[in-house]
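In the numbering used here, the protein residues as written are -19 to 206. Even for Gly, the Cβ is constructed at its ideal location relative to N, Cα and C. First up is the structure itself, then whatever we jot down about it.
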């Protein structure tokens, strides 16, 4: 098991990782956990969120198992700066759910997903409209406050923005897999929320004036934004 978690110098690696993290997109929650009735980002989604940025900025990623205590899995996630050889690593240990190949493989996938997310700094993006609609009492200084009709009978539910009609729709990009909803900001102004397949459309959303709220994992903008 490795005791050293980085090379003596990591300045160039850190500079490269700053560029990587500036280019990162949230990992899309692309699978459903039927036991908890929730969605999560698979290893495939997490890798897709960072692979291109790592390659572009000359950072090599590797993950491999190491020996730890009995009935536990140890996984090292390591990034190496190709030009200088500077590196940094993290070690994740977790109990094996079953002491057989299937249990080992399941634990390995889980560990790779979380080890990669933690070392690179990857977050997940909510793609579930129902989760957004169920939020209650949320206020954020730079965000919006969706109002739920159960809290205030007079408050309207979130409604889809009619495609191609109304002042809101004029400036909204038509993107496959992306839906728009009305919300209300904590300053009382109307907002538009973009939900659905926003992960691959973030460049178009930014161009249309949308902002990414990392706390609530959703794209939004004021309804009257040009």
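Comparing C-alpha positions only, which one of the options sits nearest to residue i?
i, options, result
"residue 169", "99, 201, 156 and 83", "201"
"residue -8", "33, 23, 68 and 6", "68"
"residue 155", "33, 180, -3 and -1", "180"
"residue 74", "63, 31, 64 and 53", "53"
"residue 21", "79, 188 and 91", "91"
"residue 177", "188, 104 and 159", "159"
"residue 80", "-16, 153, 191 and 51", "51"
"residue 61", "31, 162, 18 and -3", "-3"
So, are the CB atoms of residue i and residue j less than 7 angstroms apart?
i, j, result
"residue -14", "residue 8", "no"
"residue 173", "residue 89", "no"
"residue 104", "residue 6", "yes"
Please list, in chain order, all residues of the same chain as residue i whose beta carbon is under 7 angstroms from its beta carbon, the five residues on each side excluded.
i, result
"residue 95", "43, 55, 57, 70 and 72"
"residue 33", "0, 3 and 4"
"residue 97", "26"
Taking only the alpha-carbon atoms, compute the straight-line gap between residue i and residue j and give it to the nearest angstrom.
i, j, result
"residue -5", "residue 41", "16 angstroms"
"residue -11", "residue 184", "38 angstroms"
"residue 49", "residue 93", "21 angstroms"
"residue 197", "residue 186", "15 angstroms"
"residue 175", "residue 47", "43 angstroms"
"residue 192", "residue 199", "5 angstroms"
Under three-state DSSP, which class holds residue i?
i, result
"residue 198", "strand"
"residue 12", "strand"
"residue 34", "helix"
"residue 154", "coil"
"residue 75", "strand"
"residue 69", "strand"
"residue 181", "helix"
"residue -10", "coil"
"residue 54", "strand"
"residue 82", "helix"
What residues in its chain sit with their C-beta under 6 angstroms from that of residue i, if we drop five residues either side in the sequence?
i, result
"residue 1", "101"
"residue 59", "39, 41 and 68"
Counting only the same chain and skipping the five closest in sequence on each side, list residues whose C-beta sits under 8 angstroms from that of residue i.
i, result
"residue 77", "83, 86 and 87"
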